[in-house]
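Participant: Taken in order, these protein sequences are the chains called A and B.
In terms of the numbering used here, the first sequence is numbered consecutively and its last residue is 288.
In terms of the numbering used here, the second sequence is numbered consecutively and its last residue is 288.
Glycine included, each C-beta is placed from N, C-alpha and C at the ideal position.
Just so it is clear, the structure is predicted and the values come from calculations on it, not from any experiment.
Please find one structure pasted underneath; my questions will follow.
2 protein chains.
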Amino acid sequence: MSTKRAKLEQREKRIVVAARSVFLKHGFNKAKMSQIADTAELAEGTLYLYYKNKNAIVKAVVADHWQHITGEADRALSASENSFEQLQALAEYHLTMMVKHWRVIELGYVLYYSHSDDAGENSGVDFKRTYAALFDRLIERGQDKGTFAKDLSLPFLRDLFYGTLEYAARTLILHNKPEDIEVNIVQLMNVLRPHLSGETTAQADTDTAVLKRLERAVRKLERLR
Amino acid sequence: MSTKRAKLEQREKRIVVAARSVFLKHGFNKAKMSQIADTAELAEGTLYLYYKNKNAIVKAVVADHWQHITGEADRALSASENSFEQLQALAEYHLTMMVKHWRVIELGYVLYYSHSDDAGENSGVDFKRTYAALFDRLIERGQDKGTFAKDLSLPFLRDLFYGTLEYAARTLILHNKPEDIEVNIVQLMNVLRPHLSGETTAQADTDTAVLKRLERAVRKLERLR
DNA sequence: TTTTCATAATGAGTTTAACTCATATATACA
DNA sequence: TGTATATATGAGTTAAACTCATTATGAAAA
Numbered sequence: 064m065s066t067k068r069a070k071l072e073q074r075e076k077r078i079v080v081a082a083r084s085v086f087l088k089h090g091f092n093k094a095k096m097s098q099i100a101d102t103a104e105l106a107e108g109t110l111y112l113y114y115k116n117k118n119a120i121v122k123a124v125v126a127d128h129w130q131h132i133t134g135e136a137d138r139a140l141s142a143s144e145n146s147f148e149q150l151q152a153l154a155e156y157h158l159t160m161m162v163k164h165w166r167v168i169e170l171g172y173v174l175y176y177s178h179s180d181d182a183g184e185n186s187g188v189d190f191k192r193t194y195a196a197l198f199d200r201l202i203e204r205g206q207d208k209g210t211f212a213k214d215l216s217l218p219f220l221r222d223l224f225y226g227t228l229e230y231a232a233r234t235l236i237l238h239n240k241p242e243d244i245e246v247n248i249v250q251l252m253n254v255l256r257p258h259l260s261g262e263t264t265a266q267a268d269t270d271t272a273v274l275k276r277l278e279r280a281v282r283k284l285e286r287l288r
Numbered sequence: 064m065s066t067k068r069a070k071l072e073q074r075e076k077r078i079v080v081a082a083r084s085v086f087l088k089h090g091f092n093k094a095k096m097s098q099i100a101d102t103a104e105l106a107e108g109t110l111y112l113y114y115k116n117k118n119a120i121v122k123a124v125v126a127d128h129w130q131h132i133t134g135e136a137d138r139a140l141s142a143s144e145n146s147f148e149q150l151q152a153l154a155e156y157h158l159t160m161m162v163k164h165w166r167v168i169e170l171g172y173v174l175y176y177s178h179s180d181d182a183g184e185n186s187g188v189d190f191k192r193t194y195a196a197l198f199d200r201l202i203e204r205g206q207d208k209g210t211f212a213k214d215l216s217l218p219f220l221r222d223l224f225y226g227t228l229e230y231a232a233r234t235l236i237l238h239n240k241p242e243d244i245e246v247n248i249v250q251l252m253n254v255l256r257p258h259l260s261g262e263t264t265a266q267a268d269t270d271t272a273v274l275k276r277l278e279r280a281v282r283k284l285e286r287l288r
């Protein structure tokens, strides 16, 4: 029994591996089912015994990638206990990964934007969920430890974090400057640091406090003359 | 002669209008050339006299949208002279537009991720260029006026700005909460403000140093009476 | 007004590639 | 070894983008 199931899973895996190489080489639209079949050394019809259609195959390829990536990112985090350092490590890992595996990320978007009604169960972005959850957990831990402010909006921060990094990845790829990854990370952290530690409002408070205190003192001095 | 050219342009326009409605209703993949032809009241073959292929038609639809959008955004900016207010207005306009016209934005991505070699001249993201340039100009003006710090990285800021807003738009659409647009804008501005005006950690340090020094001086004066 | 010519429109026909299904082969089990 | 069940095959079907030989249109010449 275990042999049978193992055999099936092995063949599924083989299709996914073949599909990835073909998709990466040609992109979704130009990748032909016949090529995938050839690469996997199977007949074209056999593919349809394992996956409903072409979309289902990319979905498997992309899901596989995000799952792998989640494991790696999790390990990258455990290198430090400090929440800021963890955040920086996640940002660094994420941006590096995006630049390196951009073609796979793209496949995910093709899937997402194809609006295939067959999608049914999951719409094709679910893999990202567990991955994105790493960020949420990190922030919440930081809040529990008192490193991060309590009044942060998690959804907004998540959008800021991943949105910025994705656009940064696109820019880096467009200008072919993978060496600028570090620069981007430093800047992102500079933007986030004061916000996360709640300095902004606190800072504004001290500013007005300084001003009021100064005004009082000056008025007193003027009266004394 | 002007009549002839006008007639051709009018027909191009008619195709684009028909195509937009069909694409918006069904999405790129499920939109059929035959439907577009029907809607435009033309034969299918006629479409190909005006546009090379399906991709060329979406490209026209998307280009049309970004051009329109650029005009509107520019007008939204001219309401204020203050750089921070202009930035906020742009963010607000952009996010509102993204949420409202998400389907058109999506069409742009389908085009972008299709990797059609026929793309030739422009890769399909060029429309965005002039639009994104509004942001660059705004920042540079702010720097000239001394409102914004000089040592900002424009590419990074641009990625942060548009990346965050796009992800925020996705989140708003996903949870169907268009009323949260304002909340997102306020938060983005809170993050950007200190960074743009150059209030780095060093700044915060000097602030508290000033406060302490001032407190000492004032106490001394008060003791003197 | 009629003829001519160039330009534009048409839709039946071609092509391509995803997907199906009747048939063939392998595998497990008695 | 024989039979039943599961798995694999690839020729055949289908759908939709795109082509092209034919037809319509409309402006200028006769």
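DSSP three-state label for A/N145, please.
Facilitator: The answer is coil: DSSP assigns A/N145 none of H, G, I, E or B.
Participant: In or out: B/R83 buried (at least 16 other Cβ within 10 Å) or exposed?
Facilitator: Label assigned to B/R83: buried.
Participant: Taking Cβ positions only, does A/D222 come closer than 8 Å to chain B?
Facilitator: At least one chain B Cβ lies under 8 Å of A/D222.
Participant: Could you tell me whether the segment 113–133 of chain A touches the segment 160–176 of chain A, using the rule of 3 or more Cβ pairs below 8 Å?
Facilitator: These segments touch.
Participant: Any beta-carbon of chain B closer than 8 Å to the one on A/M64?
Facilitator: Per-residue confidence for A/M64 stands at a pLDDT of 43, beneath the threshold of 50, marking its modelled position as unreliable; the derived number appears in the next sentence. So, not an interface residue.
Participant: Is there contact here, the segment 136–147 of chain A with the segment 95–110 of chain A, by at least three beta-carbon pairs under 8 Å?
Facilitator: No, the segment 136–147 of chain A does not touch the segment 95–110 of chain A.
Participant: Which residue's Cα is closest to the Cα of B/I202: B/F219, B/F190, B/K191?
Facilitator: It is B/F219 whose Cα lies nearest to the Cα of B/I202.
Participant: Compare the C-beta of A/T234 with all C-beta atoms of chain B and state if any pair is closer than 8 Å.
Facilitator: Answer yes: the Cβ-Cβ gap between A/T234 and chain B drops below 8 Å somewhere.
Participant: CB-CB under 6 Å to B/I78, same chain, minus the five flanking residues each way: which ones, in chain order?
Facilitator: Same-chain partners within the cutoff: A103, Y113.
Participant: Could you work out which residues of chain B lie near A/A231, taking near to mean beta carbons separated by less than 9 Å?
Facilitator: The answer, in chain order, is P218, F219, D222, L223, G226.
Participant: Pick from B/V125, B/D101, B/Y111: whose alpha carbon is nearest that of B/F91?
Facilitator: For B/F91, the nearest C-alpha among the options comes from B/V125.
Participant: When DSSP labels each residue in this structure, what does B/D207 get in the three-state scheme?
Facilitator: It is helical.
Participant: Would you list, in chain order, the members of the segment 134–147 of chain A that have their beta-carbon closer than 7 Å to a beta-carbon of chain B?
Facilitator: Listed by position along the chain: nothing, the set is empty.
Participant: Report the CB separation of A/T234 from A/Y194 in whole angstroms; it is logged as a contact under 8 Å.
Facilitator: A/T234 to A/Y194, Cβ: 22 Å. No contact.
Participant: Can you find a CB in chain A that lies within less than 8 Å of the CB of B/E245?
Facilitator: Not one chain A Cβ lies under 8 Å of B/E245.
Participant: Measure from the alpha carbon of A/V294 to the alpha carbon of each residue in A/H131, A/G261, A/F147, A/Q151, then state which is nearest.
Facilitator: Since the displayed chain A opens at 64 and closes at 288, residue 294 of chain A lies outside it and no answer follows.
Participant: In chain order, what residues of the same chain have a beta carbon less than 8 Å from the beta carbon of B/S143, not counting five sequence neighbours either side?
Facilitator: Same-chain partners within the cutoff: Q149, A152.
Participant: Please state whether DSSP places A/N72 in a helix, a strand or coil.
Facilitator: Rather than Asn, the amino acid found at residue 72 of chain A in this sequence is Glu. Helix at A/E72.
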